[in-house]
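Add 1416 to a position in the sequence shown, counting from 1, and you land on the number used in this note's numbering.
By construction, the Cβ of each residue, glycine as well, lies at the ideal position given by its N, Cα and C atoms.
To keep things clear, I will list the structure first and then write my remarks on it.
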Amino acid sequence: MIEDSRSGYEESKLKTLSDIASRDITEIKLAEEKLYNSEKYLRAIIESSLDGIAVVNHQGEIEFGNDSFFNIVGWPKDELLGQSFIKMLTKDTKELYIKIWHEAQNSLNSSKIADAKIITKKGEIRYLLNSRAEMVLDGVKKFLFITKDITKQKKIELKLEESEAKFRDLFDNADDPMYTHDLKGNFLTVNKIGIKLLGGTEEEIIGSNISKWLTPDSYRIFEDRVRKIYLNQPLEPTVVIEVINKNGEHKFGEARTRLIRDGNRIIAVHGIVRDITEKIKLEKDLKKSEEKYRDLFENAQDAMYVLDIKANILKMNRIGLQILGCSSEEVIGTNISKWITPDSQKIINERRKKRLSGEKVDQTDILEIVCKNGEHRWAEIRTREIKDGDRTIEIHGIARDITENRLLKQELKKSNKQQKLLCYLIQGTRGGKTRALILKHLGDRSYNANQLATALNLDYKTIRHHLKVLIKNGIITKNNDGYCDLYSISNNIDLDSKVIEGFSKY
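Listed below in structure tokens is the structure:
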């Protein structure tokens, strides 16, 4: 009985052990299958990942990489597995990345994200973003890398950096002052020439308000532009501002600005200023010069005028208008031919012809002017050409009124002619003394022939003869008062009583 009982117990025990073993084997198989499925699942994830995944040992050798990794780095799998990552580095980055690699192995930080610059087998430069994780397998330290291709992004960044560097260089070394300020007018940046113009240091200028450097009038211009910015009103392309530098010197600039936006929000203003101090100074000097010229022009004692190349009157001063007896509106725009005689127009045409052919033109000419009221006057003119390069654009003229002088000369000439005639009639022919006595009497009043014969105690026929001679030569005239003929000195004869007295004694 005891033997049977022990035998049953042993059988039961064996069965239990067998069941346990069977269950353990099943669990192991299930665990192995689960592990296999897990590894299969993990491998599927790794192989299908768009990111590159690689395992690198502590010596830097690549032990594993998924397909995306080899596509990203641009190297065939069989040429990179078992090779050091240094194989992918560019010459200019090897030293830096080897140093980073050694630091990473001694670092307590198990993960790090960093950029890397590599070269593909075909020589193409690529940029990678790597995240690193440290792990220990079978007691050996290894590194897991997850890699993204950021070449396009990096190239954009590099171009942007290059563009910013170029802009910075252009900004700092521009020939014109450049600056940025916020909407309150506080300077954010100012380039070298701007700092030089203001005469301060960068520390003194950056952060200061633009009001510190502008005249009150120019600051009002600035405030008006800011107001227009807030109201979204159009701005003038350029404005002229007056700057006061640190030394108190006034400078003028032509400012052009543009708005800097962050989306739809205006955050600052960028400006470029062209230094026009010399231009403003020249304009002021020119204005003074023009005012002086205008004063000389308007208040000259002689007539002054300006013609275009077709002889149309562009300007005429006060004296010139007075001579013509016209207002400025009646003269400006008319042609000079309207105000001169045909003979004077011929002189003008001849001068123009000579000028166009390159001949020398006489400095002065005499022109006969026809005034508004029909009066004729004479002027001595002097002209000069105003040129633009080789092209004549205007003619400036000065005209001196010589009418009185000319009339005096004519009278003198006429008087001399009369004196010669009288001398001939009185001293050069027979009966001259009688004619002198007749003229002496007629100088006081009119006489008839009989009265003269009685007064001179001469024969009536003799008196009549001498009267006819004097009438024939225009010295005297004959008029009838209704009863008899009366004789008197001609109106165009200016007899000097002393001369006649002298002739009568001859």
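Among all the DSSP beta bridges, which residues are the ones paired with residue i?
{"i": "Phe1935", "result": "The chain is shown only over 1417 to 1922; residue 1935 falls outside these bounds and no answer can be derived."}
{"i": "Asp1565", "result": "Leu1544"}
{"i": "Leu1902", "result": "Asn1895"}
{"i": "Lys1557", "result": "Val1552"}
{"i": "Ile1785", "result": "Ile1756, Arg1793"}
{"i": "Phe1480", "result": "Val1471"}
{"i": "His1812", "result": "Val1722, Arg1800"}
{"i": "Ile1682", "result": "Arg1677"}
{"i": "Thr1780", "result": "Arg1798"}
{"i": "Ala1871", "result": "The partner list for Ala1871 (beta bridge, DSSP) is empty, contrary to what the question assumes."}
{"i": "Asp1531", "result": "Leu1545"}
{"i": "Asn1625", "result": "Asn1602"}
On a Cα-Cα basis, can you pick out the residue from the options that is closest to residue i?
{"i": "Arg1672", "options": "Ile1688, Gly1790, Leu1630", "result": "Ile1688"}
{"i": "Pro1593", "options": "Asn1895, Thr1567, Glu1580, Ile1611", "result": "Ile1611"}
{"i": "Lys1507", "options": "Ala1581, Leu1560, Ile1534", "result": "Ile1534"}
{"i": "Glu1714", "options": "Glu1791, Val1685, Ser1744, Asn1648", "result": "Ser1744"}
{"i": "Asn1663", "options": "Gln1475, Glu1707, Gly1616, Tyr1646", "result": "Gly1616"}
{"i": "Asp1817", "options": "Leu1737, Leu1853, Ile1892, Ser1464", "result": "Leu1737"}
{"i": "Phe1668", "options": "Leu1675, Lys1836, Leu1630, Ala1719", "result": "Leu1630"}
{"i": "Ala1684", "options": "Phe1603, Ser1547, Asn1648", "result": "Phe1603"}
{"i": "Thr1693", "options": "Glu1479, Lys1575, Ile1891, Glu1658", "result": "Glu1658"}
{"i": "Asn1728", "options": "His1812, Lys1888, Val1606, Gly1490", "result": "His1812"}
{"i": "Met1551", "options": "Gln1521, Asp1901, Phe1501", "result": "Gln1521"}
{"i": "Lys1856", "options": "Asp1875, Leu1886, Tyr1876, Arg1846", "result": "Leu1886"}
{"i": "Leu1505", "options": "Lys1537, Arg1643, Ser1634", "result": "Lys1537"}
{"i": "Asn1487", "options": "Ala1532, Leu1553, Thr1563, Ser1862", "result": "Thr1563"}
{"i": "Ser1547", "options": "Glu1618, Ala1590, Ile1854, Ala1470", "result": "Ala1470"}
{"i": "Gly1859", "options": "Ile1891, Val1489, Asp1678", "result": "Ile1891"}
{"i": "Asp1806", "options": "Gly1774, Glu1707, Lys1836", "result": "Gly1774"}
{"i": "Val1786", "options": "Asp1640, Asp1804, Lys1754", "result": "Lys1754"}
{"i": "Asp1711", "options": "Met1732, Leu1613, Arg1800, Gly1539", "result": "Met1732"}
{"i": "Ile1566", "options": "Asp1531, Leu1576, Asp1585", "result": "Asp1531"}
{"i": "Ala1590", "options": "Asn1789, Ile1621, Thr1780, Asn1607", "result": "Asn1607"}
{"i": "Lys1803", "options": "Arg1851, Leu1723, Gly1741, Lys1849", "result": "Leu1723"}
{"i": "Glu1791", "options": "Thr1780, Gly1539, Gly1741", "result": "Gly1741"}
{"i": "Lys1697", "options": "Gly1679, His1666, Lys1510, Phe1559", "result": "His1666"}
At which residues does the alpha helix (DSSP H) containing residue i begin and terminate?
{"i": "His1474", "result": "First-last for His1474: undefined, no H or E at that position."}
{"i": "Gly1610", "result": "1608-1614"}
{"i": "Thr1617", "result": "Thr1617 -> no alpha helix (DSSP H), and no H or E assigned at all."}
{"i": "Ala1520", "result": "1510-1521"}
{"i": "Asp1483", "result": "1483-1489"}
{"i": "Thr1878", "result": "1876-1888"}
{"i": "Leu1772", "result": "1758-1773"}
If you follow the beta strand (DSSP E) that residue i is in, where does it begin and where does it stop?
{"i": "Ser1862", "result": "Careful: Ser1862 lies outside any beta strand (DSSP E) and carries neither H nor E."}
{"i": "Arg1641", "result": "Segment 1632-1646 is the alpha helix (DSSP H) holding Arg1641; no beta strand (DSSP E) there."}
{"i": "Thr1893", "result": "1892-1896"}
{"i": "Ile1692", "result": "Segment: none, Ile1692 is in no beta strand (DSSP E) and carries neither H nor E."}
{"i": "Ile1739", "result": "First-last for Ile1739: 1734-1740, but that is the alpha helix (DSSP H), not the beta strand (DSSP E)."}
{"i": "Lys1925", "result": "For the chain, the structure presents residues 1417 to 1922; residue 1925 sits outside this window and is missing."}
{"i": "Val1400", "result": "No statement about residue 1400 is possible, as the shown extent of the chain runs from 1417 to 1922 and does not include it."}
{"i": "Leu1651", "result": "Segment: none, Leu1651 is in no beta strand (DSSP E) and carries neither H nor E."}
If I measure Cβ to Cβ from residue i and keep anything under 6 Å in the same chain, skipping five residues before and after, which residues do I get?
{"i": "Leu1783", "result": "Ile1756, Ser1760, Ala1795, Ile1797"}
{"i": "Ala1719", "result": "Ile1735, Gly1736, Ile1739, Ala1815"}
{"i": "His1474", "result": "Lys1557"}
{"i": "Thr1819", "result": "Arg1793, Trp1794"}
{"i": "Arg1861", "result": "none"}
Taking only three categories from DSSP, how would you classify residue i?
{"i": "Asp1804", "result": "strand"}
{"i": "Leu1574", "result": "helix"}
{"i": "Lys1708", "result": "helix"}
{"i": "Lys1849", "result": "helix"}
{"i": "Asn1728", "result": "strand"}
{"i": "Asp1592", "result": "coil"}
{"i": "Glu1746", "result": "helix"}
{"i": "Asn1907", "result": "coil"}
{"i": "Ser1526", "result": "With a pLDDT of only 49 at Ser1526, under the threshold of 50, the placement of this residue in the model should not be trusted; the figure read from the coordinates follows. Residue state, collapsed to three classes: coil."}
{"i": "Ser1500", "result": "strand"}
{"i": "Thr1506", "result": "coil"}
{"i": "Ala1716", "result": "coil"}
{"i": "Lys1537", "result": "coil"}
{"i": "Ile1461", "result": "helix"}
Which residues in the same chain have their Cβ closer than 7 Å to the Cβ of residue i, if we skip the five residues on either side of it in sequence?
{"i": "Arg1880", "result": "Ala1865"}
{"i": "Asn1907", "result": "none"}
{"i": "Val1777", "result": "Arg1767, Lys1770, Arg1771"}
{"i": "Glu1477", "result": "Gly1498, Gln1499, Ser1500"}
{"i": "Ile1621", "result": "Phe1603, Val1606, Ile1611, Leu1614"}
{"i": "Tyr1513", "result": "Leu1505, Ala1532"}
Report all residues from its chain with a CB closer than 8 Å to the CB of residue i; omit the five preceding and five following residues, and keep chain order.
{"i": "Ile1645", "result": "Leu1599, Leu1651, Leu1675, Ile1682, Val1685"}
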